[in-house]
Amino acid sequence: MDRQDKLSQMIRNSFPNFKKLGKDMMTAGACISRMDQLKKRWQEFESNHNKLSKDESCALRRIRSSNAPNSGDRVSVRGGRLSDESGYATTVSVHI
């Protein structure tokens, strides 16, 4: 998740940082280089997102299929924490 946050911030700041270069530094080469960087970061972000989503789905399936007394309760994931209808929350670690 830390890497996703960092990538998200770098993607979000790409254009504002490019504007800070100044007119003299805004060359075609600089533009192409920045666009290549942005594409690579976006691809990594999407790949990480897909892995995290898949791992989250697996964790939810395991919880739902467990033989715990409240296994029929609804389970939701918010901010990396699992919680059931009673409000009980537990932290979940996802290893990629």
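Remember, the numbering used here sits 31 above the position in the sequence shown when you count from 1.
Glycine residues also receive a C-beta, built at the ideal position from the N, C-alpha and C atoms.
If you're wondering where the values come from, they're calculated on a predicted model, not measured in any experiment.
Item: When you compare each of Gly60, Met66, Arg34 to Ser45 by their alpha carbons, which one comes out closest?; Value: Met66
Item: With a Cβ-Cβ cutoff of 8 Å, do Ala61 and Leu52 count as a contact?; Value: yes
Item: For a quick check, are the C-beta atoms of Glu75 and Leu38 less than 8 Å apart?; Value: yes
Item: Would you kindly work out how many angstroms separate the C-alpha atoms of Trp73 and Ile42, rounded to a whole number?; Value: 7 Å
Item: For Met66, does the three-state DSSP call read helix, strand or coil?; Value: helix
Item: With a threshold of 7 Å, establish whether the CB of Phe76 neighbours any heavy atom of the ligand SAM.; Value: Within the structure as shown, the ligand SAM is missing, as the structure has no ligands at all.
Item: Residue range of the alpha helix (DSSP H) that Asp36 falls in?; Value: 33 to 50
Item: Can you tell me the Cβ-Cβ gap for Asn79 and Arg34, rounded? I've got them flagged as a contact below 8 Å.; Value: 6 Å
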